[in-house]
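If you're matching them up, the sequences are chains A and B in order. Note that the numbering used here has the first sequence beginning at -10, numbered continuously upward. Note that the numbering used here has the second sequence beginning at 81, numbered continuously upward. All residues carry an ideal CB built from backbone N, CA and C; glycine is no exception. What follows is one structure encoded as structure tokens, with my remarks underneath.
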Amino acid sequence: MTMTIAAETAAKPARARGALRRQGTLVLRLGALAMFALIMAWFAFTTRGFVSPANIFNVIEQTAVMGVLSFGMAVVLIGGGTDVQTGGIDLSIAANTGLCAAVYATLLAGGSGDLAAAAAAIGTGIAVGLLNAFAVVRLGILPLLATLAVMNIVAGLELTVTENQVIGANSTVTQLIATGRFLGLSVLAWIFILFSALMTWAIHYSRIGLRLYAVGGHPEAARAAGINVGAYVAGTYAFSGFCAGFAAILLVARLSASTTATGQLLLAILAAALLGTVFSRRFVPTAGGTILSTLFIGFLANGFQLSNVSYYWVNGVQGVLILMVVAVTTFAKPQGK
Amino acid sequence: MPLDTQSAIIEMQGISKRFGPVRALEEASLTIHRGRIHGLVGANGAGKSTIIKVLAGILRPDAGTIRIDGQEVTRLTPALVEKLGVHFIHQDRLLVPTATVAEAIFLRHEPRIGPFLNLRAMRRRSAELLKHYFDLDLPADALVQDLTTAQQKIVQITRALAQEAKVLVLDEPTAALVKREVDSLFRVLRRLRDDGISVIFISHYMQEIEEICDEVTVMRNGTDVGVVDPRQSGIDEIVAMMINRDMGEMYPARSVAIGAPVLEVQGLSRDGSFRNVSLTLRAGEIVGLTGLLGSGVKELVQCLFGLDRPDAGRVAIDGQEVALGSPVQAVGRRIALLPEDRRAHGVAMGLSIADNIALASMQRYAKGGLVSAAKEAAIVDGLIRDLSIKTPHRHNLVRNLSGGNQQKVAIAKWLSCQSRIYVLDEPTVAVDVGAKVEIYNLMNRLAAEGAAILLMSSELEELVGMCDRTLVIYRGELIDEFTRAEADTDSLLAAASGAARKTARETA
Ligand SMILES: Nc1ncnc2c1ncn2[C@@H]1O[C@H](COP(=O)(O)OP(=O)(O)OP(=O)(O)O)[C@@H](O)[C@H]1O
Ligand SMILES: [Mg+2]
């Protein structure tokens, strides 16, 4: 019985689904936007201080860290394909940020120069990314498993570096990032804007981006077109490692210290990157979608905080968002390859 | 024919390739000369696609040497082959489903302005190229996954044509294309040949081989068994080399009493696709349906499949009006559908041949909910033999079969489910001549048992040879109907391209 039904759906040609899907994705995109707007409006009316300029800038500054990380995750999703089971994913990105932050703060606290500390942080991030790349591309381990394992290795390393302590750190660079302003905007906000612009170019207006989408969309087709698929996929993990290192510097600067709770960011990063796919008719991450969802998740967490809702609820909501997005995109995607 | 080795641009010698126990290629050789169109023919599973994938750097051969332009190349990669000027259209449509038409055409050859992609130029030039080569208006922003099979093929061909190729390799480019598009393609290929470009052309359509090829390599069981000049040798001789036996009659004769109407369609319309189509299908009858790309014939079949909802019209089965809304309902009504895109929708690539065939016809083999394994095995083996599906065993995965053999599994699957109405969309695409005859025999047998068959095909010879009546759709309207006596390929083509209507000619 179930088998016959499976056979019938499998027989459904692409175009009927195509028409359905086009309408479906439009509804989905508009629906997601409406939901964003609705939730924002609700917070604006019910929560005091939510729309104050100070709060908005606060959220945008917080979002800078999240934005960098979400882009790292988005790039991995693009290059690995968004298949839930076998597609690209970097579960180690948050733990990696924690490790990089620990390295950065420890070096600064130990009196290292700004440049050396920053280079070490980013180098650490990229090294972890390359470990992921090795596991996924060379060893052929499913990204879900490979990065889960690396996540644990990295979390362990972080503990040995910090001994589970908060390490204070301060330097001219961290000061500049945390408190500097330029043309009326904080340095963190500028970093977010510039990074987003750079990523928009890389993803949508560069050859690399186009080829990366091809690699994620149909690796055999990309290979037949002469693209070095393995190198591109490896590159995405290295890049997400770079993002972890970069975000770690911003994080330490903002808090003047490394924290022990960076791992908790993973859920929000994943939610932002996955939610971003809803805004594309192809259900792939886009720059615009990633920025929008990162801001949304930032404001969501902030709104909950201001209304004194327990932080656990934020986690719950992010979890629900992930489930919803995965369910909806899986349903709306064409079947069979 | 004088074979001037000086002018050889590609020489592949003694190429062997095994997949586990399967010997796909065994000391195969292939020599391509400059400025020639070189045909590559062979039965399904003969090794054509495999040797092409070796040349493309996708598969690494176990043995053999490859020379391109006189240079021996040992480590071929797709990027290197492209750099050497060899471009491919692979049989399994290797296109990124989530790419747009423009992106698919320019992938890896993207026009740029400084560090930026020139998206506007990509869109404009891809539209121009499609128009120029195939006179086709495809929105450059359409997603590949939303295109029809033929459109995807054309996008793929256009991608290869857009490059400055020295050698162009086309693995079954014309499967699923209609005559007009094939003619456009041939015009382009001849122009390229006259410019000194070499073409490797794979097809199961012998008329095409005869029409366009300057020389032909025949492959059988993984080896090349001869190089012939198609103008001197003739189709029969080539086919005999291919399948190593006499083929018999291409379109077997058939005489069946035609019974009561089983499917009646009245005034079926769908906005922007087709208007006011009425047709009747009787028991024991084979009715053909054809039309050019964009004529609305594909959309019509979709509605008959129950996959699209028509805007107006009525459909009756056995005199009872039905709402054909979903494919499940369609099958409940005992309509069997053979979709055109069988690779994606007709077979489960990850399952075995036996499982695929059994999937469609569970009820038939099930007794009290249990499938008799022995009976299933017997039926499956029978179909494998009838359609000469080339495989070591029925438990082999469909994924590992050659393109044409995958098609045969889909056909076996749907033809074995004992329906009353069969809607077959291009049933013999990519299938070798021997198996084609077997499929025709199967269709005839079904009709003789009282089934009604709607045969949608772009191969006009097939319609002429098989159908009791052939319906022609032009610009969304059913404009002509030919009986078996009236139908010939020229008048079908004239009607399909709107050049002349039968009725108009008769009154004139
Ligand atoms: N990945 C694979 N694993 C196992 N066997 C394979 C694989 N690819 C091809 N084969 C086998 O190699 C043989 C040659 O296949 P190939 O695709 O070259 O045939 P072909 O001549 O292109 O046939 P067609 O006309 O059906 O496209 C077939 O028997 C096929 O089953
Ligand atoms: Mg083939």
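Interface partners of residue i on chain B, CB under 8 Å
{"i": "A:Leu199", "result": "Glu183, Leu187, Glu190 and Leu197"}
Of the residues the options, the one placed nearest residue i, counting alpha carbons only
{"i": "B:Val357", "options": "B:Glu379, B:Ala363 and B:Glu529", "result": "B:Glu379"}
{"i": "B:Ser375", "options": "B:Arg350, B:Gly364 and B:Ile397", "result": "B:Arg350"}
{"i": "B:Leu369", "options": "B:Asp505, B:Asn521 and B:Phe168", "result": "B:Asp505"}
{"i": "B:Lys280", "options": "B:Leu572, B:Lys128 and B:Thr471", "result": "Rather than Lys, the amino acid found at residue 280 of chain B in this sequence is Ile. Closest by alpha carbon: B:Lys128."}
{"i": "A:Phe285", "options": "A:Thr14, A:Leu15, A:Phe32 and A:Gly198", "result": "A:Phe32"}
{"i": "B:Phe196", "options": "A:Tyr194, A:Ser296 and A:Thr71", "result": "A:Tyr194"}
{"i": "B:Arg334", "options": "B:Pro472, B:Ile366 and B:Leu348", "result": "B:Ile366"}
{"i": "B:Ala337", "options": "B:Glu344, B:Gly352, B:Thr111 and B:Gly364", "result": "B:Gly364"}
{"i": "B:Gly125", "options": "B:Ala510, B:Glu541 and B:Met286", "result": "B:Ala510"}
{"i": "B:Glu344", "options": "B:Ser353, B:Leu361 and B:Asn524", "result": "B:Leu361"}
{"i": "A:Tyr301", "options": "A:Pro274, A:Val317, A:Gln253 and A:Phe288", "result": "A:Gln253"}
{"i": "A:Ala242", "options": "A:Gln164, A:Ala144 and A:Ala30", "result": "A:Gln164"}
{"i": "B:Tyr331", "options": "B:Gly119, B:Lys97, B:Asn521 and B:Gln236", "result": "B:Asn521"}
{"i": "B:Leu187", "options": "A:Ser247, A:Thr319, A:Ala250 and A:Leu201", "result": "A:Leu201"}
{"i": "A:Leu255", "options": "A:Ile78, A:Gly173 and A:Asn44", "result": "A:Ile78"}
{"i": "B:Ala453", "options": "B:Leu551, B:Asp435 and B:Pro341", "result": "B:Asp435"}
Within chain B, the residues that residue i reaches when beta carbons sit closer than 7 Å
{"i": "A:Arg327", "result": "As shown, chain A starts at -10 and ends at 326. That puts residue 327 of chain A outside it, with no answer to give."}
{"i": "A:Ile67", "result": "Near A:Ile67 there are no residues of chain B at all, since even the closest Cβ is about 10 Å away, more than 7 Å."}
{"i": "A:Gly206", "result": "Val176, Pro177, Thr178 and Ala179"}
Proximal residues of chain A, C-beta to C-beta of residue i below 8 Å
{"i": "B:Phe168", "result": "Ala213"}
{"i": "B:Ala159", "result": "Gly215, Ile216 and Asn217"}
Under 9 Å by beta carbon: chain A residues contacting residue i
{"i": "B:Glu561", "result": "None at all; the shortest Cβ gap to chain A is about 26 Å."}
{"i": "B:Ile138", "result": "Glu209, Arg212 and Ala213"}
{"i": "B:Leu431", "result": "Result: empty, since nearest Cβ-Cβ is about 10 Å, beyond 9 Å."}
Residue environment, residue i, which counts as buried when at least 16 other CB atoms sit within 10 Å
{"i": "B:Asp388", "result": "buried"}
{"i": "B:Lys211", "result": "exposed"}
{"i": "B:Arg116", "result": "buried"}
{"i": "B:Ile132", "result": "buried"}
{"i": "B:His475", "result": "exposed"}
{"i": "A:Val16", "result": "exposed"}
{"i": "B:Gly483", "result": "buried"}
{"i": "B:Gln487", "result": "buried"}
{"i": "A:Gln307", "result": "buried"}
{"i": "A:Val152", "result": "In the sequence as displayed, the identity of residue 152 of chain A is Glu instead of Val. By the neighbour-count rule (16 or more Cβ atoms within 10 Å), A:Glu152 is not buried but exposed."}
{"i": "B:Asp215", "result": "exposed"}
{"i": "B:Tyr445", "result": "Here the model assigns B:Tyr445 a pLDDT of 47, short of 50, so the residue's position is not dependable, and the following value carries that caveat. When all chains shown are included, B:Tyr445 counts as buried."}
{"i": "B:Lys447", "result": "Note on B:Lys447: pLDDT 48, under 50, position unreliable in the model; no value is reported."}
{"i": "A:Gly168", "result": "Contrary to the premise, residue 168 of chain A reads as Thr rather than Gly in this sequence. A:Thr168 is exposed by the Cβ-count criterion."}
{"i": "A:Val309", "result": "exposed"}
{"i": "B:Thr113", "result": "In the sequence on display, residue 113 of chain B carries His and not Thr. So B:His113 ends up on the buried side."}
{"i": "B:Glu420", "result": "buried"}
{"i": "A:Phe272", "result": "buried"}
{"i": "A:Thr75", "result": "exposed"}
{"i": "B:Ala565", "result": "exposed"}
{"i": "A:Asn291", "result": "buried"}
{"i": "A:Val40", "result": "exposed"}
Chain-ordered neighbours of residue i on chain B, where CB pairs are closer than 9 Å
{"i": "A:Val273", "result": "Thr178"}
{"i": "A:Tyr194", "result": "Pro195, Phe196, Leu197 and Leu199"}
{"i": "A:Tyr202", "result": "Val176, Thr178, Ala179 and Glu183"}
Partner residues on chain A for residue i, Cβ-Cβ distance less than 7 Å
{"i": "B:Glu162", "result": "Gly215"}
{"i": "B:Leu174", "result": "Glu209, Ala210 and Ala213"}
At which residue ranges does the segment 95 to 122 of chain B contain complete beta strand (DSSP E) runs of 3 or more residues, listed in the order of the chain?
-> 102 to 113 and 117 to 121
Mind pulling the alpha helix (DSSP H) runs of 4 or more residues that sit fully within the segment 202 to 263 of chain B?
-> 229 to 242, all fully within the segment 202 to 263 of chain B.
Residue ranges of each beta strand (DSSP E) within the segment 209 to 233 of chain A, 3 or longer | Correct list: empty.
At least three beta-carbon pairs within less than 8 Å, the segment 179 to 186 of chain B to the segment 161 to 171 of chain B = no
Taking three-plus beta-carbon pairs below 8 Å as touching, is the segment 49 to 57 of chain A in contact with the segment 228 to 248 of chain A?
-> yes
Are the segment 303 to 322 of chain B and the segment 101 to 111 of chain B touching by the rule of at least three beta carbon pairs closer than 8 Å?
-> yes
Only counting runs of 3 or more residues, tell me where the beta strand (DSSP E) segments fall wholly within the segment 496 to 573 of chain B, in order along the chain.
-> 501 to 505, 532 to 536, 549 to 554 and 557 to 563
Any chance you could list the alpha helix (DSSP H) runs of at least 4 consecutive residues sitting entirely within the segment 127 to 181 of chain B, in chain order?
-> 128 to 135 and 158 to 163
For the segment 144 to 161 of chain A and the segment 222 to 231 of chain A, state whether three or more C-beta atom pairs, one from each stretch, are separated by less than 8 Å.
-> no
Are the segment 275 to 290 of chain B and the segment 238 to 250 of chain B in contact at 8 Å, needing three or more beta carbon pairs?
-> yes
Do the segment 225 to 236 of chain B and the segment 284 to 299 of chain B touch if we need at least three Cβ pairs shorter than 8 Å?
-> no
Could you give the uninterrupted runs of the alpha helix (DSSP H) lying entirely in the segment 311 to 353 of chain B, keeping only those of 4 residues or more?
-> none
Of all the alpha helix (DSSP H) runs that stay within the bounds of the segment 249 to 298 of chain A, which reach a length of 4 or more residues?
-> With a minimum length of 4 residues, the continuous alpha helix (DSSP H) runs that stay inside the segment 249 to 298 of chain A are 254 to 265 and 276 to 295.
Taking contact to mean at least 3 C-beta pairs separated by less than 8 Å, is the segment 86 to 95 of chain A in contact with the segment 139 to 154 of chain A?
-> yes
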